[in-house]
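According to the numbering used here, the sequence shown is numbered sequentially starting from -11. Just so you know, even glycine gets a beta-carbon here, dropped at the ideal spot from N, CA and C. Quick caveat: nothing in here was measured; it's all calculated off a predicted structure.
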Amino acid sequence: MTAPSPLRLTEIEELTLDEAREEHAALVAEIHHHRELYYSKDAPALSDADYDRLEQRLARLEARFPELVTTDSPTQTVGAAPSSGFGKVKHKVAMLSLANAFEDEDVADFVGRVRRFLNLSEDAAVAFVAEPKIDGLSLSLRYEKGQLVQAATRGDGAEGEDVTANVRTIKDIPHTLKGNAPDIVEVRGEVYMNRAEFLELNRVQAEKGDKVFANPRNAAAGSLRQLDSKITASRPLRFFAYAWGEVSAPLGRTQWESRQKLESFGFTLSTPSRLCDGADALLDYYREIGIQRPTLPFDIDGVVYKVNDLALQERLGFISRSPRWATAHKYPAEQAMTRLNTISIQVGRTGALTPVAELEPVNVGGVVVSRATLHNKDEIERKDIRVGDMVIVQRAGDVIPQIVGYVADKRPADSHPYAFPDHCPECGSIATREEGEVVTRCTGGLICPAQAVERLRHFVSRNAFDIEGLGIERIQLFFEQGRIRQPADIFTLEAREEQRIDRLVTMTGFGKKSVEKLFQAIEARRTIALDRFIFALGIRQIGEATAKLLARAYRTVETWQARMVQAASERADKREEKKPELVGEAYAELCGIEQIGVSVADDLTDFFREQHNLDALAALLEQVKPEEYVPPATASASPVTGKTVVFTGTLVTMGRSEAKAKAEALGAKVAGSVSGKTDYVIVGADAGSKAAKAQELGVTILSEEEWAALIAGH
Ligand code: D41
């Protein structure tokens, strides 16, 4: 086995963030590797105790540096493949979702809609049950002859997962119903965890080196979806009942009566609940619960209002998937106050400098927050956030925590406005901001290590090269070791390390088998679809959809590259020119592609103007062969399949976009300007220079009607 890297001998308390990040990446790679050996190959290379030590070290590292936790960290995933382990359950009665209200007016609207739908007068009283909306997971419990026979998660509302064995371990859930229950009763409610019990669970988990959860809701979900019920049994799960599904006899005439019936069966209800007789009473309830919210033992994200009379519920029915007779009234995100210790700058793949608030750790509604995004320079200026301020941190659901503002009377006397860096903190290059943009960017390109790593991560990501066994942690490790600096290096790795596989094994802790598999996976990607290839380059604004458009328009990597280089040089000569057709032919052609505008064209040409990008691309193309784009076969080839067409002038029967889309659907390539390669120019009213040019070049000119006749029936 590999010797532990020297850093691992350092006490976690003494690590700097950078050291921690480095060690984290190495540990994650190592644990994934051993899990693979253990679970997939049944060939563990470590004793259980040694393996546990790795996991413990990782958990303690993440407990001290929560910002290092990623969704694919071993602390966030279980060893063996999960989900598929549960059977599916079709709900007899669909589990509906809830519409949301945010403002007071939304509640008045809800009550008004109910009244109008039922044709009731303005002042007719309608009774509602109001109850807290607990932030957990919905569950459906089926009882037959009073016995619990099946428990299922909500899933998509129609079908969920069978979690019966695990649910039997939840103390709040009776195995046998008390009293006289109908033969069939499906009880619905929420599984959740109390805040205090969640924090205690996390403390114990971290101590044992086990998974630490982000919030009570995640902890409840993770605990319920355990393949081993013994684990579920050890977790502090709770349940309250709020509704029912299939019942062989009604539980009552009203929601309130039915709730009481559920309570008589032995369930806990969501409390404090209340019967209210209209919008004003509902809003009073909302405000009272809002005041109690921080001191309630569990997380709530709102309250729920339900029409009390079940006959009225029946008449109201539902729209799409939510009942007309109920709505959730949400609370704003939870907030807390803490000190802003410093502002750090993260550098992304495209060089974007993102300011991050490093906070004195604070508990925001049950979750410890130590970092929050500050978005960009303008945002910091607008809010005038300064280092040393006491700030209000807000957390809503699973989104990244945000800084709402600072507390004026707590601002230190010597504080001064934050000076956003004008140099990249990672590579020292100048950081600039283009006109009209909010983002400040490092101009270092590939010499900036932060950008290089982020680009490599993007390059190997799932929708790009998707190289099995080359996850982001390994990329980070290889980059730090100098083994992979640019995409092409991935493909030369084997040739370079061939003689020294053993050294690679020792340096990375991967295991020989795993290295061999990695090499195979890399080999398998030497051919790749053109659109994936383009997407993988990580050019600004070139997402998957745009990469597809480019692949479709240019077909081969050679054509694409040549046209981009030309467009880039055209633009270099005519940077101030705003009209694409006056910039040059290749640039105009690019802008002529449906859905590609000048802003995307400018980012593309910027990429192709940089020598280091051209070098990296050339090196990569020596290793990789992107496949020619083959247009999806249309039912039958149309008369314009493979033809290049140009539309000019005002079309009368259809808009320009529609005409282009139609032509492209028929397999034609739509260009923005006329050249020797153009097959047809379709001229509408007041056609100008393009029609003249077509005539000059001897290109076939069609009127709109002639074009319509040509493609008729296709
Ligand atoms: O506390 C809750 N999370 C809660 C959720 C609740 N108290 N009542 C609810 N009632 C319903 C209806 C009205 C559709 C029976 C709900 C939910 N639904 C619900 N939660 C998640 C999806 C739907």
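{"query": "Compare the Cα-Cα distances from residue 513 to each of 450, 20, 345 and report the closest residue.", "result": "450"}
{"query": "By the DSSP assignment, the alpha helix (DSSP H) with residue 100 in it spans what residues?", "result": "92 to 105"}
{"query": "Compare the C-alpha of residue 154 against each of 148, 164, 175, 140 and name the closest.", "result": "140"}
{"query": "Would you kindly check if the distance between the Cβ of residue 375 and the Cβ of residue 330 is under 7 Å?", "result": "yes"}
{"query": "Quick one: measure Cβ to Cβ for residue 345 and residue 380, integer angstroms, because I've assumed they're closer than 8 Å.", "result": "11 Å between Cβ atoms; not a contact."}
{"query": "Straight-line CA distance for residue 16 to residue 430?", "result": "29 Å"}
{"query": "Restricting to runs no shorter than 3 residues, where is the beta strand (DSSP E) found entirely within the stretch 205 to 274?", "result": "226 to 235, 262 to 264"}
{"query": "Taking 6 Å as the cut-off, is the CB of residue 122 close to at least one heavy atom of ligand 1?", "result": "yes"}
{"query": "Less than 7 Å between the beta carbons of residue 264 and residue 274, yes or no?", "result": "no"}
{"query": "Would the beta-carbon of residue 228 fall within 7 Å of that of residue 158?", "result": "no"}
{"query": "May I ask you to verify whether the stretch 663 to 673 touches the stretch 632 to 650, counting CB pairs closer than 8 Å and requiring at least 3?", "result": "yes"}
{"query": "Which same chain residues end up closer than 7 Å to residue 152 when comparing Cβ atoms and leaving out the 5 residues on each side of it in sequence?", "result": "138, 139"}
{"query": "So if DSSP puts residue 479 in a beta bridge, which residue, or which two residues, is it bridged to?", "result": "Answer is none; residue 479 lacks a bridge partner."}
{"query": "For chain C, is any of its Cβ atoms less than 7 Å away from the one on residue 261?", "result": "No chain C appears in this structure, which consists of one protein chain only."}
{"query": "If you run the structure through DSSP and keep just helix, strand and coil, what is residue 325?", "result": "strand"}
{"query": "Does the beta carbon of residue 546 fall short of 6 Å from some heavy atom of ligand 1?", "result": "no"}
{"query": "Relative to ligand 1, is the shortest distance from any of its heavy atoms to the C-beta of residue 84 smaller than 6 Å?", "result": "yes"}
{"query": "Check whether the Cβ of residue 295 sits closer than 6 Å to any heavy atom of ligand 1, and report yes or no.", "result": "no"}
{"query": "Check whether the stretch 291 to 301 touches the stretch 123 to 133, counting contact only when three or more Cβ pairs, one atom from each stretch, lie closer than 8 Å.", "result": "no"}
{"query": "Taking 7 Å as the threshold (C-beta atoms), are residue 660 and residue 577 in contact?", "result": "yes"}
{"query": "So, with DSSP's three-state summary, where would you put residue 154?", "result": "helix"}
{"query": "Give me the residue from 348, 41, 560 with the minimum Cα distance to residue 324.", "result": "348"}
{"query": "Please classify residue 439: is it buried, with 16 or more other beta-carbons within 10 angstroms of its beta-carbon, or exposed?", "result": "buried"}
{"query": "Express the C-alpha separation of residue 279 and residue 118 in angstroms, rounding to a whole number.", "result": "16 Å"}
{"query": "Can the beta-carbon of residue 170 be found closer than 7 Å to that of residue 235?", "result": "yes"}
{"query": "May I ask whether a heavy atom of ligand 1 can be found less than 6 Å away from the beta carbon of residue 292?", "result": "yes"}
{"query": "Quick one: is residue 220 buried, meaning 16 or more other Cβ sit within 10 Å of its Cβ, or exposed?", "result": "buried"}
{"query": "Could you tell me the boundaries of the beta strand (DSSP E) in which residue 118 lies?", "result": "116 to 122"}
{"query": "Could you tell me the distance, in whole angstroms, from the CA atom of residue 45 to the CA atom of residue 193?", "result": "12 Å"}
{"query": "Which first and last residues belong to the beta strand (DSSP E) in which residue 135 is found?", "result": "135 to 141"}
{"query": "Considering only the beta carbon of each residue, do residue 98 and residue 315 sit closer than 7 Å?", "result": "yes"}
{"query": "Which residue from 306, 299, 700 puts its Cα closest to that of residue 240?", "result": "299"}
{"query": "For the alpha helix (DSSP H) that residue 439 lies in, which residues bound it at each end?", "result": "437 to 448"}
{"query": "Which of the three DSSP states, helix, strand or coil, is assigned to residue 170?", "result": "coil"}
{"query": "Under the criterion of a Cβ to heavy atom distance below 6 Å, does residue 208 qualify as lining ligand 1?", "result": "no"}
{"query": "Can you tell which of 196, 588, 566, 22 has the C-alpha that lies nearest to the C-alpha of residue 552?", "result": "588"}
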